[in-house]
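Here's the structure we're looking at; comments come further down.
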Amino acid sequence: MPKGTRGETCAEAIRQVIKPGEVVGFTELFGRIRERGTWNNSTIWQHLMSLVVNLPPARHHWPHSKPFLFLHADGRYELYKETGYESYREKTLEALEAQPAGLCEECLQISSRVSGMDNLRRICEVLQAGNLLEPVQGKCSNCRRDRALMRLKRAMTANPQSNAPVNLTRDELIEIHLRLGRILDQLDSAKIRGEGFSSRVIRLRETDLLPGNIACLMLTLNGLRNMTVHEQFIVGPHEVAVVRNAMAAIDAWESSSPLSIKAH
Ligand SMILES: [Zn+2]
């Protein structure tokens, strides 16, 4: 209910008090909202949970709210649209995957197409905190200059469970991902340079080139593959079943597709 000094709702007030690109701590943000209206504390607290895009329980608890806040690992808030976080994260990981020896900041920005050096630095910090990236000194794979580089940490090396029997290996998931990439290439001749896999799937879904169910399955496969490659995740029997069934559905769609795709 609108209780703002300018007739705005609590959610509208929150959106207005954060400047695009600004990262604000909880106490500061809370104070700014208090100045904008007469909401009680628990209303404001609740909004500062329900409006967070990257807080999975909130997405379940408030399925109808339209979230627009991105919560950083250190508890500070930012407007989500301005962060572009998911796509930046994916673009950065993909660019580094293509150059396993590492890239300097400048070349990483060019090949990842993350707009703004500040955004790139912030994403790299988050990826480093998540143990996915490491800074090293060496020759940049692109410009060949001797500089401070960012490179992916090698996945799966130190994991004691890596010898555990699984019936789906990391290499198989990588192969599946490459195959999905070939399917997308055939649907989409106008590939946008620097576009990440999931952004591409979403774009093709929105332009009706990919059916919704197939797009969902591809995003799931991509997520599992990324967790396996970058986060030392070991697929268990349930995920294996998901992967097998998703591939069966994609195969069935492929063979019945009017586009008569042949991606083998
Ligand atoms: Zn370079």
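For the sequence shown, our numbering puts the final residue at 290, and the numbers step up evenly by one.
Even glycine gets a Cβ: it sits at the ideal position worked out from N, Cα and C.
Just so you know, these numbers come straight off a predicted model, no measurement behind them.
With a cut-off of 8 Å on Cβ pairs, the segment 121 to 137 is not in contact with the segment 90 to 108, counting fewer than three such pairs. A contact between stretches requires three or more CB pairs, one per stretch, nearer than 8 Å, and the segment 194 to 214 meets this requirement with the segment 239 to 257. Not one heavy atom of ligand 1 lies closer than 7 Å to the C-beta of Arg147. Closer than 7 Å to some heavy atom of ligand 1: that describes the Cβ of Leu129. An exposed status is given to Leu204, since fewer than 16 other beta-carbon atoms sit within 10 Å of its beta-carbon. If you check the C-beta of Asn168 against ligand 1, you find a heavy atom less than 7 Å away.
Per the coordinates, the alpha-carbon of His98 lies some 10 Å from the alpha-carbon of Arg148. Across the structure, Gly164 and Lys179 are spaced so that their CA atoms are roughly 15 Å apart. Thr31 and Leu230 have their C-alpha atoms some 43 Å from each other. For the options Leu194, Thr195, Leu236, the alpha carbon positioned closest to that of Asp214 is the one of Leu236. In this structure, the CA atom of His90 is about 16 Å from the CA atom of Thr35. For Glu123, the three-state secondary structure derived from DSSP is helix. Separation of Gln258 and Ala84 (C-alpha to C-alpha, rounded to the nearest whole angstrom) is 26 Å. In the DSSP assignment, Met176 is bridged to Leu129, Pro161.
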